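Residue numbers (the working numbering): 0 to 517.
Backbone N, C-alpha and C define an ideal beta-carbon position, used for all residues, glycine too.
These numbers come from a predicted model, not from an experiment.
Below is one structure; the comments refer to it alone.
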Amino acid sequence: MTIDYKDAKSQSKLIQTANFTLFKDETKKAGLNHKHLENEYDDFEKESLLPHKLSQFGPAMAVGDVNNDGLEDFYIGGSKGFSGELYIQNFDGKFMKSNNNNWENDKDYEDVDARFLDVDKDGDLDLYVVSGGNEWESNHGKYQDRLYINTKGVFNKDVARLPKMYSSGSCVRPYDYDSDGDVDLFVGSRLLAQQYPHSGESFLLENVDGYFKNVTSTKAPEINYLGLITDAIWTDIDGDNRVELMIVGEWMPITVFRNINDVFEKDEHLFENTNAWWNTINGADMDNDGDIDYIAGNLGLNYKYKASVEEPFEIYSNDFDDNGTSDIVLGYYNQGNLFPLRGRECSSNQMPFIKEKFPTYDSFGNADLYQVYGAEKLKDALHLKATTFASVYIENKGDGTFNITSLPNQAQVSSINAICLDDFDMDGVKDILVVGNMYQSEVETPRNDASYGLYLRNEGNGNFKPISAIESGVLIDGDVKDMHQINILGNKAIIIGRNNDELILLESTGMILKNRQQ
Numbered sequence: 000m001t002i003d004y005k006d007a008k009s010q011s012k013l014i015q016t017a018n019f020t021l022f023k024d025e026t027k028k029a030g031l032n033h034k035h036l037e038n039e040y041d042d043f044e045k046e047s048l049l050p051h052k053l054s055q056f057g058p059a060m061a062v063g064d065v066n067n068d069g070l071e072d073f074y075i076g077g078s079k080g081f082s083g084e085l086y087i088q089n090f091d092g093k094f095m096k097s098n099n100n101n102w103e104n105d106k107d108y109e110d111v112d113a114r115f116l117d118v119d120k121d122g123d124l125d126l127y128v129v130s131g132g133n134e135w136e137s138n139h140g141k142y143q144d145r146l147y148i149n150t151k152g153v154f155n156k157d158v159a160r161l162p163k164m165y166s167s168g169s170c171v172r173p174y175d176y177d178s179d180g181d182v183d184l185f186v187g188s189r190l191l192a193q194q195y196p197h198s199g200e201s202f203l204l205e206n207v208d209g210y211f212k213n214v215t216s217t218k219a220p221e222i223n224y225l226g227l228i229t230d231a232i233w234t235d236i237d238g239d240n241r242v243e244l245m246i247v248g249e250w251m252p253i254t255v256f257r258n259i260n261d262v263f264e265k266d267e268h269l270f271e272n273t274n275a276w277w278n279t280i281n282g283a284d285m286d287n288d289g290d291i292d293y294i295a296g297n298l299g300l301n302y303k304y305k306a307s308v309e310e311p312f313e314i315y316s317n318d319f320d321d322n323g324t325s326d327i328v329l330g331y332y333n334q335g336n337l338f339p340l341r342g343r344e345c346s347s348n349q350m351p352f353i354k355e356k357f358p359t360y361d362s363f364g365n366a367d368l369y370q371v372y373g374a375e376k377l378k379d380a381l382h383l384k385a386t387t388f389a390s391v392y393i394e395n396k397g398d399g400t401f402n403i404t405s406l407p408n409q410a411q412v413s414s415i416n417a418i419c420l421d422d423f424d425m426d427g428v429k430d431i432l433v434v435g436n437m438y439q440s441e442v443e444t445p446r447n448d449a450s451y452g453l454y455l456r457n458e459g460n461g462n463f464k465p466i467s468a469i470e471s472g473v474l475i476d477g478d479v480k481d482m483h484q485i486n487i488l489g490n491k492a493i494i495i496g497r498n499n500d501e502l503i504l505l506e507s508t509g510m511i512l513k514n515r516q517q
């Protein structure tokens, strides 16, 4: 191809006006200078065939008015060895770090989620912090969640109000499910620590006079060891004025528990073939038809792993080399045959028999999963699968059925870890704001780092238009793990937590830039 300047034609130029983006970065204006620091821990030393690390899910965040001054404050948790912090909003819109230093006593815990709630019905907000991570063996005391009671703005840990809960956690979701006037809890478990992909114990906790009782075995027995839970919401999915519990997780389908006389029963057929690596779910009436629709964040379609109903991405866990410890085997399909994902070198480091059974890389590469590990061992293994990695819009049809469609390609470039749903441009319909990435992938797989956040404007009829960073002002890089809406002196804002990185505050201007050409 021969190119000459004399043949070029002048094109119109795009005029960019940064002052008229929908969101503006107001982190410095709000006086925020907080960096989450991640402790060093190598998950792969004990479990070399993990698909990704499980020790870097923070920071945890919670938003609420803790001192009843009409202004919203926030808590941001710390990783193992680093204290959480409480930030108080002042009447100038700036935040000041609280001198409450009781978090320092618990800095050896790994904070993965948090919520403000009034536990004791005294009119102020207390703080629940979920302990998680993968640094300790299963059933370790450092996985115990913590409850801090607010007394005139001072938070003190109360160990007597929670039962023993030694699962590596993922989320806590408050809701008065039994309608007795106090707040009950669902507490989700991320995993059985250091035994991926086995699930830990999740909990339904009933509030009895400000103390939480574990009622899982009687009121929600199927929640126990449900899976690798990442998120959950309390939501009325069918408009019957009874709130259901919707749960998502890694290797899990979208799972709904219906409240039948305060006993939760799993709906086995509502969302079939939705097994995925779900990271988050949120719900709102996106089409203004009176029922709740949902957005679910997944691994994305820009990763090395691929999945479909016909050819799912699979995992097996068993003691394949008979040495007394469980091994992980990932499998993918190629032309209808199931093959090991991981190569001969790393697989044999975990299971040395592979080098003897397959003396060359060629012989290993030509063998399918059953030839490598044996049909009997695979049959007896814990077996999970993912049938989709797309992040989706779930439209509630109002008749008990749902229409699931993939979000636009721009939303599939990386993992979605957090979702905000609101009418940010004030046109009468709710829009979507997503953030994500995943920096913890295993050594043979490039990390998910292509997302800079994305604003999806609601165009109606289930159409969500991706808006460029030039117009939206959303340009959030890094390993984003959490995001919450927060009110700043009456203005909508978004607070964004990144693993091992600085906190970001975006404020909504309520405007959207229209491209002009000249």
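Burial state of residue i, where buried means 16 or more other Cβ atoms lie within 10 Å
i      : result
ASP110 : buried
GLU344 : exposed
GLN334 : exposed
LYS480 : buried
TYR86  : buried
GLU267 : exposed
VAL158 : exposed
LYS5   : exposed
ALA306 : buried
GLU205 : buried
GLU46  : buried
Cutoff 6 Å; reference residue i; Cβ partners in own chain excluding five residues on either side
i      : result
SER405 : ALA389 and VAL391
LYS376 : ASN317 and PHE319
LEU381 : SER316
TYR127 : ARG114, LEU146 and VAL171
PRO162 : ASN213
THR217 : none
VAL262 : LYS218
Inter-residue Cα distance where the pair is residue i and residue j
i      : j      : result
PHE319 : SER347 : 11 Å
GLN484 : GLY69  : 15 Å
GLU264 : ASN99  : 41 Å
ASN499 : GLU39  : 11 Å
LYS513 : ILE2   : With a pLDDT of 47 at LYS513, under the threshold of 50, the predicted position of this residue should be treated as unreliable, and no value is reported.
GLY76  : VAL371 : 44 Å
ASP421 : LYS429 : 5 Å
GLY373 : ALA366 : 11 Å
ASN447 : TYR304 : 11 Å
VAL470 : LYS28  : Note that residue 470 is Glu in the sequence shown, not Val. Approximately 21 Å between the Cα atoms of the pair.
VAL207 : GLY187 : 20 Å
THR273 : LEU505 : 33 Å
SER169 : LYS356 : 40 Å
GLU37  : SER78  : 6 Å
GLY30  : LYS93  : 5 Å
Beta-carbon proximity list for residue i, same chain, < 7 Å, skipping 5 on both sides
i      : result
ASN89  : MET95
TYR42  : Reading off the sequence, residue 42 comes out as Asp, not Tyr. Closer than 7 Å at Cβ, skipping near neighbours: LEU49, LYS52, LEU53, SER54 and ASN133.
GLU200 : SER166, SER188, ASN223 and TYR224
LYS396 : ASN402
CYS419 : LEU432, MET482, GLN484 and ILE493
8 Å contact criterion, which residue i and residue j should meet: CB distance rounded
i      : j      : result
SER130 : TYR147 : No, SER130 and TYR147 are not in contact; Cβ-Cβ is about 13 Å, not under 8 Å.
GLN439 : GLN55  : 5 Å
ILE503 : ASP24  : 7 Å
ASN104 : ASP125 : Going by Cβ atoms, the distance from ASN104 to ASP125 rounds to 17 Å, so no, they are not a contact pair.
THR20  : GLY299 : No, THR20 and GLY299 are not in contact; Cβ-Cβ is about 25 Å, not under 8 Å.
HIS139 : ALA192 : 7 Å
Close Cβ partners of residue i (< 8 Å) along its chain, the five nearest in sequence each way excluded
i      : result
VAL242 : TYR174, TYR176, TRP233, THR234, ASP235 and ASN258
GLY459 : ASP286 and VAL428
List, from N- to C-terminal side, the beta strand (DSSP E) runs of 3 residues or more that fit wholly inside the region 68 to 96.
72 to 75, 84 to 88 and 94 to 96
Secondary structure, alpha helix (DSSP H): runs of 4+ residues fully inside the region 445 to 493
468 to 471
Curious, which full-length beta strand (DSSP E) runs of at least 3 residues does the region 111 to 190 contain?
125 to 130, 145 to 150, 153 to 156, 167 to 174 and 183 to 190
What beta strand (DSSP E) runs, 3 residues minimum, are completely inside the region 296 to 333?
312 to 317 and 326 to 333
Quick check on the DSSP output: what are the complete beta strand (DSSP E) runs of length 3 or more inside the region 331 to 402, in order along the chain?
336 to 339, 381 to 385 and 391 to 395
3-residue-minimum beta strand (DSSP E) runs that sit fully inside the region 265 to 289, ordered along the chain:
279 to 283
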